[in-house]
Amino acid sequence: MNKTFPIALAVLSAMYSAVLPAADDVATTLQKTLTERFPDIKVERVGPSVLPGLYEVVTPSEIVYSDAKGEHLVLGQIMDVKTRENLTQTRWNELNKVDFAGLPFQQAIKLVKGQGRRKFAIFEDPFCPYCQELERALHQLDDVTVYIFLFPLEGLHPGASDAARDIWCASDRAAAWSEWMLNKKAPPQAPECKDTPLAPLAALGEKLRINSTPTMFFPDGSRVPGAIALDKLETKIAATNKR
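Sequence positions in the sequence shown follow mature numbering (1 follows the signal peptide of the UniProt record, and there is no 0) and run -22 to -1, 1 to 221.
Here's what the structure looks like:
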């Protein structure tokens, strides 16, 4: 074998790499290109994705993917077929971690079961069927403190805001919440009650990019959108409340 061949190959590879733009340069150019082509959408950041040649484009509401030139967009999610992990959702959760200790717990309905040593928070809509499904799972937990932030999605569930107000204004909010979510027993109407946290919580939900209910937050800052099975919820609580 010609000894000069490996050397020549190495030189050619170095030359080829030198003419390719760095990933950071591509991301910067791509962000500019997409911003120009979609002026009504805020492109917050662009970077390489888990798939070679595909770039992750982060907007205020979702992650999409683009080729290096911004000529084609992929509107969908990437899944690891071996683990069945939704990598797009995992990445979104990673980018949107919260300061759990900084949440306004005084604006939450506090549910304590057992000693209440393990903590997490949920943004919920009283008319959301997935929230009601989750509440049935929560009813089986022990040694937890759950902070319920009322987050009625009035556009999807007309009347949810009134129900949330009545629950908040009840003499026993925790009992009123549980009676409604588990037994469909409505609290007394409280149309004159104006002292509710619904407006600031709506603003907080927008800031935290909550676009569906339920959305759960845990002490490590991670989030889980949607209702999950009891065993998975128990595993998540245990993993994020290590003492």
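Just so you know, even glycine gets a beta-carbon here, dropped at the ideal spot from N, CA and C.
No experiment lies behind these values; they were computed from the predicted model shown.
- Taking all protein chains shown into account, M57 has fewer than 16 neighbouring C-beta atoms within 10 Å of its C-beta and is therefore exposed.
- Note: A148 is not bridge-paired with any residue in the DSSP secondary-structure output.
- When the alpha-carbon of V76 is set against those of F195, I215, E170, the nearest one is in F195.
- Cβ-Cβ distances below 8 Å link K163 to E157 in the same chain, with the five nearest sequence neighbours on each side left out; the list follows chain order.
- Relative to F101, the option among A168, A217, P178 whose CA is nearest is P178.
- Around the Cβ of A217, a 10 Å sphere holds fewer than 16 other Cβ atoms; the residue is exposed.
- Short of 7 Å from the beta carbon of N71, and not among the five residues preceding or following it, lie these beta carbons of its own chain, in chain order: S200, R201.
- Counting C-beta pairs with one atom in each stretch, the segment 181 to 191 and the segment 58 to 67 have fewer than three that are closer than 8 Å, which means they do not touch.
- Under the three-state reduction of DSSP, T13 is assigned to helix.
- Cβ contact annotation for R15 (same chain, cutoff 7 Å, sequence separation greater than five): G48, in chain order.
- Per the DSSP secondary-structure output, Y125 pairs in a beta bridge with K88, A99.
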